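First the structure, in the form of structure tokens, and then the observations on it.
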Amino acid sequence: RVHGMTQFHVSQADRELRWSTTGFDNSSSTSVTVEFDVFLPAGADVVCVVRALDDNGIEVGRAEVPVEADGTDVHVVYALPVTARPSSALADSCRLRE
182 RVHGMTQFHV SQADRELRWS TTGFDNSSST SVTVEFDVFL PAGADVVCVV RALDDNGIEV
242 GRAEVPVEAD GTDVHVVYAL PVTARPSSAL ADSCRLRE
């Protein structure tokens with residue numbers, strides 16, 4: 182299991198959105214499990230872009246993952262399809278859905 186240290190935030194007026202990749206594992210040449218936390222305004226709908234990169238930094242997987250929460254934080258475990266075995270995977274960006 183590999184743990185990431187990436188943390189980001191976006192502010193839109195008074196609605197703050199933050200996300201943090203907590204790790205990835207079970208990597209194979211067809212998928213990787215990415216785990217991340219999202220801290221969002223209550224009742225907000227969010228979509229996050231999850232990416233996987235190989236040893237050369239080339240993208241081998243990408244998906245837009247819808248995130249919904251009853252409260253203000255959610256832990257997401259997502260199986261990302263990939264075209265080759267990745268060396269890293271992360272929640273690259275998140276945005277509020279209108």
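Just so you know, we're using our numbering here: the sequence shown kicks off at 182 and counts up by one. Glycine is no exception: its CB is placed at the ideal position from the N, C-alpha and C atoms. Please read all numbers here as calculations on a predicted model, not as lab measurements.
Determine the burial state of ALA270: buried for a count of at least 16 other Cβ atoms within 10 Å of its Cβ, exposed for fewer. buried
If you draw a straight line from the C-alpha of CYS229 to the C-alpha of SER210, how long is it? 23 Å
Enumerate in chain order the residues of its own chain whose CB-to-CB distance from PRO222 is below 8 Å, with the five nearest sequence positions on each side excluded. ARG196, GLU197, LEU198, THR253, LEU277
One or two residues paired with PRO262 in a DSSP bridge: SER212
The beta strand (DSSP E) spanning GLU240 covers which residue range? 240-249
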